[in-house]
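Working notes for the structure below.
4 protein chains.
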Amino acid sequence: MTYQHAPLGVAVIGTGRMGSDHVRRIDEVISGARVAAVVDIDGDRAKAAADRIEGCTAHTDPAAAMASAEVDAVLIASPGPAHEAALLEAFARGLPVLCEKPLAPDAESALRVVEAEARLGRRLVQVGFMRRYDAEYRQLKELLDGGGIGRTLMLHCTHRNVATPPGYTGPMMINDSVVHEIDVTRWLLGQEITAVQVLRPAPTASAPAGLSDPQLVLFETAGGAVVDVEIFVNCGFGYQVRCEAVGERGTARIGEAHGLSVDAAGRWGGAIAQDFTERFRAAYDREVQDWVDATRRGYTRGPSAWDGYAAAAVCEAGVRAQDTGGRTPVLLAERPGLYR
Amino acid sequence: MTYQHAPLGVAVIGTGRMGSDHVRRIDEVISGARVAAVVDIDGDRAKAAADRIEGCTAHTDPAAAMASAEVDAVLIASPGPAHEAALLEAFARGLPVLCEKPLAPDAESALRVVEAEARLGRRLVQVGFMRRYDAEYRQLKELLDGGGIGRTLMLHCTHRNVATPPGYTGPMMINDSVVHEIDVTRWLLGQEITAVQVLRPAPTASAPAGLSDPQLVLFETAGGAVVDVEIFVNCGFGYQVRCEAVGERGTARIGEAHGLSVDAAGRWGGAIAQDFTERFRAAYDREVQDWVDATRRGYTRGPSAWDGYAAAAVCEAGVRAQDTGGRTPVLLAERPGLYR
Amino acid sequence: MTYQHAPLGVAVIGTGRMGSDHVRRIDEVISGARVAAVVDIDGDRAKAAADRIEGCTAHTDPAAAMASAEVDAVLIASPGPAHEAALLEAFARGLPVLCEKPLAPDAESALRVVEAEARLGRRLVQVGFMRRYDAEYRQLKELLDGGGIGRTLMLHCTHRNVATPPGYTGPMMINDSVVHEIDVTRWLLGQEITAVQVLRPAPTASAPAGLSDPQLVLFETAGGAVVDVEIFVNCGFGYQVRCEAVGERGTARIGEAHGLSVDAAGRWGGAIAQDFTERFRAAYDREVQDWVDATRRGYTRGPSAWDGYAAAAVCEAGVRAQDTGGRTPVLLAERPGLYR
Amino acid sequence: MTYQHAPLGVAVIGTGRMGSDHVRRIDEVISGARVAAVVDIDGDRAKAAADRIEGCTAHTDPAAAMASAEVDAVLIASPGPAHEAALLEAFARGLPVLCEKPLAPDAESALRVVEAEARLGRRLVQVGFMRRYDAEYRQLKELLDGGGIGRTLMLHCTHRNVATPPGYTGPMMINDSVVHEIDVTRWLLGQEITAVQVLRPAPTASAPAGLSDPQLVLFETAGGAVVDVEIFVNCGFGYQVRCEAVGERGTARIGEAHGLSVDAAGRWGGAIAQDFTERFRAAYDREVQDWVDATRRGYTRGPSAWDGYAAAAVCEAGVRAQDTGGRTPVLLAERPGLYR
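Residue numbers (my numbering), protein chains in the order written: chain A, 176 to 515; chain B, 176 to 515; chain C, 176 to 515; chain D, 176 to 515.
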């Protein structure tokens, strides 16, 4: 196994909210990496981002950035529809990739990425399911894997956002929000999700017209576990992500830690995070650092392209389940040997 | 309205676990009441209970006890199948009744009780849904009624017991355990339950053979709320009852208060109650005291016969839903004017 | 040992805030007791209180009430300076007494009560240190007595009130408020307090002119434990009583239980009690019920006259320590055999 | 203001526990810095540390390391007695320094460092009081500075360690442990500490012979606040650091956040950290990253040499107070203009 002493030169594709945050992160927070290139279809925006960083070039074409001798690895943070082409380009060049979720916008295209990587015969892709790098989720995973509460029978999940941005749709509740619980379920239990159902209470008055918010999403897994997820994207009061695992010998909960508590004006309590950055900033940092560390050592670990594909397949079933209200099976392709 | 200065003479019917606890409660805890008569089909048991209390008579026939001039009111704690006859006897004598749940063993017989009371034209029955007298549930009810978190969209409920006694069956998970969440849902939301669904994860190894434990029970209400209930009667580690109400402007939780906390041996935390008496003792006391206070003042309040009937109807749908796995509608008779 | 079947006839002396609350408690909450007589130097007030209760007589003289054949026991809730005479009168008649704190207004008069009871050769007095009847304090006491955290080395106590009434003085911080921590310390540790020191931070702007509020009161005990008490009687935001015991093998805390918690408007948390009745209502009920139960069985238990005297002696040292800022020893008389 | 684009070349002096952890941190965690040199009086140890890092040289003499053209800044993690010489050497070369606490082993030598830096006329030293970089302490500081709970009247602090290593002495309770609360008090309140007192309960059986553990340390500040610190270095069960600020309008607490909680085997709760690295790892990372970021931008911020000196002066008073048990004033030199 080789170890690359020089900082890892990273091309960041996409300079929107996530992309520019990753540029800042690699530039200021991450050890052993530097932003070697930034890519944006808006050339001015790419140039503005590159100009802030010494030795960083700007591009409008991902392939051009990947062709640079300064680029050792790729971080894809462009919109989902652009992911497949960028991933295949990276595969062609043998470049390791950290790909923000979704791996691809639908299960079919995600499966193509899986098959392409399987043909390479080695992993190059880490998918950006950053909850796996959150300290509390890792403690929970460790507890479950260690048998601390016996076999897991159920998960109770809560996922709340203050409000949705303009243009937010019902399917985005599954594809952009519940997708995290989909990955968490698969990762914590080590089981595929086999069916999805969605219950829709009378919506909150705070939801935009036409958005059925909140919803209660139910998963069944291959091992017979049942998972419920409250997704409430216009809850109004804060960003909250909680998870309780119910096992044969006990239950375990995360997402309820509170730092500063104040007793004043007749109330005890504290502030609720308003944004995922507050809750998961450290997880993003750890995710990218872990990717950089592994990449400099010559390998890829973390959530795989298969994880990205499986999540996409469950999302598709979930969106159908939103419409029908009934139990919707999840159909998965056969899992290539690379991901076993 | 009359006020009865002398202590209320209560006939307690049934001296099993609940009955003998109520005898003790009225004798030692409750102000303004005394046990005037005890009834048990086992005459020796009735006599043994009566002998411990001054001026208390023993009977094997509820009607004989109710005929006593010392008896002003009746507390029914006999097995469910005996309730209807005892209730009708009390109605015939115009005696106020505190009837332990269930009002009657099925919706049909419960409806007969409702109709009989409706014909009387005044309420005589308070049904023993004691959670309505729990301090935390009352705070939650007050918050919801006051609009503190807006309209309630969902309830997340947990109901766990350490282990089941011999002979415990699947339908008892609904009829004996979830029935409390059924009443709580109707009471907190002020809405009838319109449909039930039951999901059954692969059961815990701690469950007796043939018992599908835990289960996830889902209610829909007339106002469009969705309620999920984890019922886990062999969880092994403690007795836990929790409830989170999710409203349009916030959420509220009960059942998580902890008194004494200890940091020792590398752990923070404390003991979990092992039994409902620890969690709900004060609620039982308050329930019976409230019944005594109202009865001495000449009226009946608290959970009504209609509440007992509606719970029975939801239970029947719930037991069917356990079998089918599908969404099962709840059909209710028309509500008599007495209960509006 | 005799058991008195008839309800205990109680004479309540004093119908101020505490007295009238005890009248209500015995009338409506307590099992096996009734208010047989009320006494107040204001005859109209006594009569008004008595008129609300069947068979209750009104008096202006405690001795007259105690002379009634209907009176089996006495509850003293008059101002402290009137306690000694009422206690001695009860002793003369052999009547059991529940005496609200203070036993007597100073250590000298309290010691006279102790000596009088010691001469009787049997206990008649229970002093109203109601924290010993609080469920959390009892759990803590049980833990410490059971050796759960080893020998107790320190107690950290917090005692906060929203605001002081007009006329509240510095010595009242010790005599009316910290006196509870004095009793709790003696009871939890089973040790006398041997010295007191008081530190006075720059006072809060919310304190009345001249009141040095908050203060940090320090106790040393005969067994070498150190106790700190934050007394803050104009904290503005709530009524809070907390206690942490630090032992050789762990620590234990009470006073932090929270029932209903709400997440709304960007905050998690709940309401803080504004008054001691909210925190200690159940303790008062249990205290009086326990006194009634024991009295009907013919004996006296609970906090003794010695406990009342020892608290008074520590209070006197505490008030001196407020002035000097230095370490002030506590001098106790020899403990009569009756209290060993 | 200049910005240094190349990674900051850091000489780490001392490769003991703290030093080698800082070497790892700069090598693997920190962005924009590299370990350019390591120094240890044990040359083999220095060489072993250097060999693991590309381009890192090994030295036994701090001055030799500082003379290297690759060295831009110095991190001092050698034993306290070696700090003064290394600091003066760095001053002579104009090198920025992150100096682990203590700045110097006593107030007198710390004052010499202060005076030397004051003569330079610009700050070069950041002292390693890492709690100022802990997320919870920073939230508390922000709350207090923002006036959220009014003027701060008291701090209640807890500082517990599982057990002491061999050779640990009473003065080390002040100099190595309470020194953190000394800095926290000065920083949170923005006031100097003016007097110290120490109360010593009968020691725990778990303390080594001759060590009076735990102790209760009391500070008074220039603004009239009172601070109590429980220092308990053989508590046996975990590492705990808590702080409650009591203000005129409320109180605020930190150090009680718990991530994963488990309900199992009749207990609720979770694991307690066993070591400061678990509680303060992120604070160390943030401290060093902040130092690197500031240094590359050409300035020094964070805890100053004056903070190091003032802490040393309070420690000296604290050690005297351990012996006398009495109130011990703290005498400080005049504060140079550089630190105002």
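Even for Gly, the Cβ is constructed at its ideal location relative to N, Cα and C.
The DSSP-derived three-state label of Arg-268/D is helix. Using a Cβ distance threshold of 8 Å, Gly-422/A and Gly-321/A do not count as a contacting pair. Counting the other CB atoms within 10 Å of its CB gives Glu-292/B a total of 16 or more, which places it among the buried residues. In this chain, the alpha helix (DSSP H) harbouring Asp-219/B covers 218 to 226. Ala-380/A reaches chain B at Glu-423, counting residues in chain order whose Cβ is nearer than 7 Å. Across the structure, Ala-244/C and Pro-277/C are spaced so that their CA atoms are roughly 28 Å apart.
Under the Cβ criterion of 8 Å, Asp-403/D is counted among the residues facing chain C. The three-state secondary structure of Ala-487/B, taken from DSSP, is helix. Its Cα nearest to that of Gly-218/B, the residue Thr-235/B stands out among Thr-235/B, Arg-502/B, Ala-224/B and Ala-285/B. Straight-line measurement puts the Cα of Ala-310/B at about 21 Å from the Cα of Asn-336/B.
DSSP places Thr-470/A inside the alpha helix (DSSP H), whose first and last residues are 451 to 471. At least 8 Å separates the CB of Arg-335/B from every CB of chain C.
Ranking Glu-395/D, Ala-338/D and His-258/D by CA distance to the CA of Gly-365/D puts Glu-395/D first. Under DSSP, Gln-390/C forms a beta bridge with Ile-406/C. In this structure the stretch 267 to 274 of chain A touches the stretch 298 to 310 of chain A; the number of beta carbon pairs closer than 8 Å is three or more.
Closest in alpha carbon position to Phe-412/B, among Arg-200/B, His-334/B, Gly-500/B and Arg-495/B, is His-334/B. Ala-208/A is positioned such that its CB atom lies closer than 8 Å to that of Leu-183/A.
Annotation: Arg-461/D to Ala-486/B spans about 57 Å, alpha carbon to alpha carbon.
With fewer than 16 other beta carbons inside 10 angstroms of its own, Asp-450/A counts as exposed.
At least one C-beta of chain B is nearer than 8 Å to the C-beta of Thr-426/C. For Thr-426/C and Glu-431/D, the gap between their C-alpha atoms comes out near 14 Å. Taking a Cβ-Cβ cut-off of 8 Å, the neighbours of Asp-438/D in chain B comprise Phe-412, Gly-413, Gln-415 and Ile-447, given in sequence order. Distance check between Ala-257/D and each of Asp-215/D, His-331/D, Gly-398/D and Ile-228/D places Asp-215/D closest, using alpha-carbon atoms only. Closer than 7 Å at the C-beta level to chain C, one finds no residue of the stretch 328 to 353 of chain B. Listed by position along chain D, the residues whose Cβ is nearer than 7 Å to that of Gly-434/B form an empty set, because the closest Cβ is around 11 Å away. Between the beta-carbon of Leu-374/B and that of Val-401/A there is about 5 Å, and that keeps the pair under the 8 Å contact cut. It is roughly 11 Å from the alpha-carbon of Val-437/A to the alpha-carbon of Leu-319/D.
Of all alpha-carbon atoms in Ile-447/C, Asp-388/C, Gln-497/C and Asp-482/C, the one lying nearest the alpha-carbon of Leu-507/C is that of Asp-482/C. Listed as beta-bridge partners of Ile-188/D by DSSP are Val-214/D and Ile-251/D. Using beta-carbon distances, Gly-398/B counts as an interface residue toward chain A, with a partner under 8 Å.
Taking a beta-carbon distance threshold of 8 Å, Leu-286/B does not count as an interface residue toward chain C. Within chain D, the residues Arg-442, Trp-443, Gly-444 and Gly-445 have their CB atoms less than 7 Å from the CB of Gly-444/B, given in chain order. Against Pro-376/D, the close residues of chain C are Leu-328, Met-329, Gly-399, Ala-400 and Val-401, in the order they occur along the chain (beta-carbon pairs closer than 7 Å). Within chain B, not a single residue places a beta-carbon under 9 Å from that of Ser-195/C; the smallest gap is close to 17 Å.
Neighbours of Ile-188/C in chain B, taken as residues whose beta carbon is under 7 Å from its own, are absent, since the nearest beta carbon is some 21 Å off. Between the alpha carbons of Arg-476/C and Leu-386/B lies a distance of about 50 Å.
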